[in-house]
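Scroll down for the structure; my scribbles are underneath it.
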Amino acid sequence: MKKSKVYDCSIIELNQHHSDRKGNLSVVENGLTVPFDVKRTYYLYDVPGGESRGGHAHRNLSQLIVAASGSFTVTLDDGKVKRTVLLNRPYQGLHVVPGIWRTLDDFSSGAVCLVLASEGYTEADYIRHYDQFIIEKHGTPAR
Ligand code: TYD
22 MKKSKVYDCS IIELNQHHSD RKGNLSVVEN GLTVPFDVKR TYYLYDVPGG
72 ESRGGHAHRN LSQLIVAASG SFTVTLDDGK VKRTVLLNRP YQGLHVVPGI
122 WRTLDDFSSG AVCLVLASEG YTEADYIRHY DQFIIEKHGT PAR
């Protein structure tokens, strides 16, 4: 398990192409915008108010999480420190490194959570139990 910390996760500002009266466009490009190659893209939508998503860690996967529409919070946890980030701008992406427990909450109505991931989908990369996460991360069970 990676010795990553919540402070290794950061907001990446995406470039914005403005067109007067015609709206905006932001770009994510491998090697330029994100420090990994995007192999998979998925998005969460129609999340009912009060629902929570995530609630897991990835062993090797990196992600860029973007509030493509609306807003939600991402709580990052490295087993020692927790940090909550509000995502509410389509031109900002949260880079989440491997080995971080994440929970997504407080979805606004109509929110779309766009996720760009460094790997394809494989269940073996998930840690879905917090106790297991703490053991893999720090070698001891949670107190
Ligand atoms: P999951 O990652 O658990 O969602 P979240 O953490 O956002 O609550 O995925 C939910 C379901 O979708 C689960 O059954 C696995 C499936 N899934 C895929 O088949 N492919 C994918 O790329 C992803 C992200 C999920």
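Each residue of the sequence shown is one higher than the one before, starting from 22 at the first, in the numbering used here.
Cβ atoms here follow ideal geometry from the backbone N, Cα and C, with glycine treated the same way.
Taken from the Cβ of H79, every heavy atom of the ligand TYD lies 7 angstroms or farther away. The beta carbons of D127 and V27 sit about 18 angstroms from each other, so the pair does not count as a contact at 8 angstroms.
Here DSSP, grouped into helix, strand and coil, assigns K43 to coil.
Per DSSP, reduced to three states, the secondary structure at I32 is strand.
In this structure the region 99–116 does not lie against the region 138–145, because fewer than three pairs of beta carbons, one per stretch, are closer than 8 angstroms.
One Cα belongs to N51, the other to P69, and the distance between them is close to 32 angstroms. The beta carbon of Q113 sits closer than 8 angstroms to the beta carbons of I32, I33, E34, L35, V87 and A88 from its chain, once the five residues preceding and following it are set aside; these are given in chain order. L85 and V48 have their C-alpha atoms spaced approximately 12 angstroms apart. Placement of the Cβ of Y66 at a distance of 7 angstroms or more from every heavy atom of the ligand TYD is found.
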